[in-house]
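For reference, the structure discussed in these notes is given below.
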Amino acid sequence: MRKLVEVQNLIKYFPVLGGIFSRPVAWVKAVDDVSFHIFEGETFGLVGESGSGKTTAGKTIIRLIEPTKGKIIFDGKDITKLPENQLRPIRREMQIIFQDPYGSLNPRMPIGEIIREPLLVHGIGDKKEQEERVVEIMKLVGLRPEYLRRYPHEFSGGQRQRIGIARAIVLNPKFVVADEPVSALDASIQAQVLNLLLELQQKLALTYLLVAHNLAVVRHVSDRIGVMYLGKIVEVAETKELFSTPLHPYTQALLSAIPIPDPEIKKERILLQGDIPSPINPPSGCRFRTRCRFAKDICAEKEPPLIDVGSGHYVACHFVKEGKVVEYSK
Amino acid sequence: MEREETLLDVRNLKTYFFTDDGVVKAVDGMSFTIRKGEVLGLVGESGCGKSVASLSIMQLVEPPGKIVEGEIIFKGEDLLKKTPEQMRKIRGSEIAMIFQEPMTSLNPVYTIGNQIMEAILIHQDLSEEEAKKRTIELLRLVGIPEPERRFNQYPHELSGGMRQRVMIAMAMSCNPDLLISDEATTALDVTIQAQILELMKDLQRKTGMAILFITHDLALVAEMAHSVAVAYTGKIVEYGDVYQIFKKPRHPYTYGLLSSVPSLKTEKTKTPLPAIEGMVPNPYKMPSGCHFNPRCPFATERCRKEMPELAEIEPGHLVRCFHPVAVEKEAVS
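Line by line, the protein sequences give chains A and B.
So the mapping is simple: my numbering equals the position in the first sequence, first residue as 1, plus 24.
So the mapping is simple: my numbering equals the position in the second sequence, first residue as 1, plus 48.
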């Protein structure tokens, strides 16, 4: 399988400004040395709780946020340092769908114009061709073309998300970052939008990076999943593998916390103590150690590397060795 | 259901909003009961009236909203016949409520200790000293570490999970008989949500209080509730114990919701989910007949003309539908 996206040692720090000169007094280590890759045609899910850095990672990969350090290789080309004029043709290939279908659409623009705008920006086709393309895309995402002169406020949340999706795919991109695409939607609408994403992936051979906190949703659409905690990737595996044999103690706790819509299943919960620490001053060594039930001295001293335990399953924990032996002891 | 066991009996509650564009029937004839010590899950999507129902119980509905009909019998007395003064005494002492966003419910300029103490001093005849002692006890009860130090902290110094614990401590301060939890864990991360749910279950078992647990998340209801009421467009469409609802859903809406939500039990991933078609109707333009009929795969002529009654289909299991789903649903999803 070909790697469409490769992220190497990606770092993104945001400054915390202070003092009378507004100088950086501290750094929020949102993404701190993260490496992974996304195969062509797959959906890679990036999960984590608030403050884990998953959204920052997603936006940095398509350079909506400039990386502090590291390397982003897209379609065989290093795009980390590309100047804006050279980046523009590549931007056609990578698009994003935002969480909030209310905040990400210009309320003063008819939706036909919103969907057409990327074509204008990239100078694709004449007016007639653009209008035809808009109608074609609207049909594809399940919007009635006769609505193209209506404004965003005339649509429901689910339809607005369809508009956002239409805008993202109108340029026929290869890669789409979907940042929490269904979390603002009602349950009955979520399924419709997820189905649309799956359908479009098949029809258009799209590669997705799905950033989401709902693990059941991520499980349903992803081929592989990366779990983030406090700016680090702690585990990567194929979806089935991750859910059947989670190896990192954080992944285990995260999966056990998911509520299941079945009153007969009484789950053994691994309840984590406390809250996620601040990304400004993360714990030394393994960042999860302050909440980990297996933590020992070594966890504070040394940061565990992300190691391959076989068949594409990567874990960053001192107690997971190759061959998947979990040497936990209290 | 024995009469004396019933704690709260909501009968044919109607809360309408009289707006310039027309009347929105946010709650349109809801009835449900909560027994002592029972956890009732009230589920539904946005606009189903679940939050307005809870605000109606507390009589916190603001204009243009108005309770136009119904009875809210709490411990044998109709709350709608109480004076504002009497209601003020009941709120916070006998019925307490926690909301989705604890930051907006807490006063940012007072310490959390002061805010909990205030609730205690209003409703109970205690000295300041005793109230402070009780506050620290409560903070400990809800799992806040170092309660003596936390007492003097301000809301912004706490995390979302900790703030929700403070809200729960405040709600528990007067040993309420009924706790209304309106999407209390929705804004929290999943591991923090698990902590808070565990805390609520634990407190419920210890104190025997009843909980009206309002949420959009079916999975949470399966975990928390004894009974479940499913709401759609201001009406209850299905009502039963948690096993009836999750194992044998009979209303096409409940059935559809349960099958369309991805869960960890779904075998086939990357395949289309059986989604419910269409969307919740515009509150100004409700369809005639059964409100779910435009989205229902089983709808007939009758459904388009007549609104079905909420009828008992088996003991304790009520469904508002002319054509209840017949198949036994062996473990939905």
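Ideal Cβ placement from N, Cα and C applies to all residues, glycine included.
Note that this is a predicted model, so its numbers are computed, not measured.
Task: Residue-chain proximity (A74/B, chain A), Cβ-Cβ < 9 Å - done: no
Task: Three-pair Cβ contact test at 8 Å for the stretch 287-302 of chain A versus the stretch 235-246 of chain A - done: no
Task: Burial state of R26/A, where buried means 16 or more other Cβ atoms lie within 10 Å - done: exposed
Open item on the list: Considering only the alpha carbon of each residue, which of I114/A, P48/A, G255/A, C316/A lies closest to L34/A?
Closed with: G255/A
Open item on the list: Can you find the residues in the same chain that come closer than 8 Å, C-beta to C-beta, to E354/B, ignoring five residues on each side of it along the sequence?
Closed with: G337, C338, F370
Task: Closer than 9 Å to chain B by CB, N219/A - done: yes
Task: Counted within 10 angstroms of its Cβ, other Cβ atoms place I177/A as buried (16 or more) or exposed - done: Looking at the sequence itself, residue 177/A is His, so the reference to Ile does not match. It counts as exposed.
Task: C-beta neighbour in chain B for Q183/A, strict 9 Å - done: With 9 Å as the cut-off, Q183/A counts as an interface residue toward chain B.
Open item on the list: In the DSSP assignment, the alpha helix (DSSP H) including E349/B goes from what residue to what residue?
Closed with: 349-353
Task: Minimum C-alpha distance to L227/B - residue among T314/B, R139/B, Y280/B - done: Measuring from the Cα of L227/B, the nearest candidate turns out to be R139/B.
Open item on the list: Given a cut-off of 9 Å on the beta-carbon distance, is the pair I139/A and M118/A in contact?
Closed with: no
TODO: Would you identify the three-state DSSP class for L28/A, choosing helix, strand or coil?
DONE: strand
Open item on the list: Quick check on P273/A - is its C-beta less than 9 Å from some C-beta in chain B?
Closed with: At a cut-off of 9 Å, the C-beta of P273/A has no neighbouring C-beta in chain B.
TODO: Counting only the same chain and skipping the five closest in sequence on each side, list residues whose C-beta sits under 8 Å from that of K227/A.
DONE: L164
- [ ] Measuring only between beta-carbons, confirm whether K318/B sits less than 9 Å from chain A.
- [x] Interface with chain A (9 Å Cβ-Cβ cutoff): K318/B is included.
Open item on the list: With a threshold of 8 Å, are at least 3 pairs of Cβ atoms found where one atom belongs to the stretch 324-343 of chain B and the other to the stretch 284-304 of chain B?
Closed with: yes
TODO: Tell whether a beta-carbon distance below 9 Å holds between I284/A and K295/B.
DONE: no
Task: DSSP-derived helix/strand/coil call for Y253/A - done: strand
Task: Any 3 or more C-beta pairs closer than 8 Å across the stretch 91-99 of chain A and the stretch 167-181 of chain A - done: Touching, no, given that fewer than three Cβ pairs across the two stretches are closer than 8 Å.
- [ ] Would you mind telling me which residues of chain B sit closer than 8 Å to T263/A, beta carbon to beta carbon, in chain order?
- [x] T317
Open item on the list: If you reduce the DSSP assignment to three classes, tell me which class S153/B lands in.
Closed with: Residue state, collapsed to three classes: helix.
- [ ] Determine whether the Cβ of Q172/B lies closer than 9 Å to any Cβ atom of chain A.
- [x] no
TODO: Tell me whether the beta-carbon of I135/A lies closer than 9 Å to the beta-carbon of R174/A.
DONE: yes
- [ ] Find out if the Cβ-Cβ distance for the pair I120/A, L88/A is shorter than 9 Å.
- [x] Between I120/A and L88/A, the CB-CB gap stays under 9 Å.
Open item on the list: Pairs of beta-carbons, one from the stretch 221-239 of chain B and one from the stretch 192-200 of chain B, closer than 8 Å: are there three or more?
Closed with: no
Open item on the list: Excluding the 5 residues flanking K83/A on each side, which residues of the same chain have their C-beta closer than 8 Å to its C-beta?
Closed with: Take K83/A, set aside five residues on each side of it, and the residues of its chain with a beta-carbon closer than 8 Å to its own are I89, I120, V201, D203, in chain order.
Task: chain B contact residues for H237/A, given Cβ-Cβ distances below 9 Å - done: Result: D237, V238.
Task: Identified DSSP bridge partners for M118/A - done: F199/A
TODO: Output yes or no for whether 9 Å exceeds the beta carbon distance between T263/B and T233/B.
DONE: yes
- [ ] Indicate whether at least one CB of chain A lies closer than 9 Å to the CB of S229/B.
- [x] no
Task: Beta carbon proximity, D57/A to chain B, threshold 9 Å - done: no
Task: Residues that L296/A contacts on chain B, provided the C-beta gap is smaller than 7 Å - done: T239
- [ ] Compare the C-beta of I121/B with all C-beta atoms of chain A and state if any pair is closer than 9 Å.
- [x] Judged by the 9 Å Cβ criterion, I121/B is not in contact with chain A.
Open item on the list: Which same chain residues end up closer than 6 Å to L279/A when comparing Cβ atoms and leaving out the 5 residues on each side of it in sequence?
Closed with: P270
Task: Contact list for H244/A against chain B, beta-carbon separation under 8 Å - done: Residues of chain B passing the Cβ test: P310, T314, T317, K318, L321.
TODO: Provide the residue span of the beta strand (DSSP E) that contains R83/B, from first to last.
DONE: Note, R83/B: beta strand (DSSP E), 70-83.
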